[in-house]
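Enquirer: Starting off with a structure, shown below.
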Amino acid sequence: MTEVLRIEAGELSADEIIDALNDGRRILVDVEIAGGRHEIVLRYDGETYHCDTPTNLHRHTEEDEMRGCLDRMGYAGVEVDTND
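Remember, our numbering sits 99 above the position in the sequence shown when you count from 1.
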């Protein structure tokens, strides 16, 4: 079984999270919601990306949908272009 990856919201970019999910990793994201700390579980079963929050289970069939969710919900950090 693949090791679980624990991160803080914003610690990894969307690309890094997607890569880890595609490699079969389950990711636990520590987030602050309504003044409390919660864990969000991210996983990919080979067909569907799952984002399990304390209140809802989001499912995304496309990588771009999952990437958008990671950005929109603040789970992924902003990528910085170091080429400038």
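A virtual CB, placed ideally from N, CA and C, is assigned to each residue, including glycine.
Please list the segments of the alpha helix (DSSP H) lying wholly inside the region 109-160, counting only runs of 4 or more residues, in order along the chain.
Expert: Listed in chain order, they are 113-121.
Enquirer: Give the straight-line distance between the Cα atoms of residue 124 and residue 150, rounded to the nearest whole angstrom.
Expert: Straight-line Cα distance between these residues: approximately 13 Å.
Enquirer: With a cut-off of 7 Å, does the C-beta of residue 129 fall near any C-beta of chain C?
Expert: Among the chains in the structure shown there is no chain C, since it carries only a single protein chain.
Enquirer: What are the boundary residues of the beta strand (DSSP E) that includes residue 107?
Expert: Start and end: 104-107.
Enquirer: Three-state secondary structure (DSSP) at residue 173?
Expert: Looking at residue 173 - three-state DSSP - the assignment turns out to be coil, as it is neither helix nor strand.
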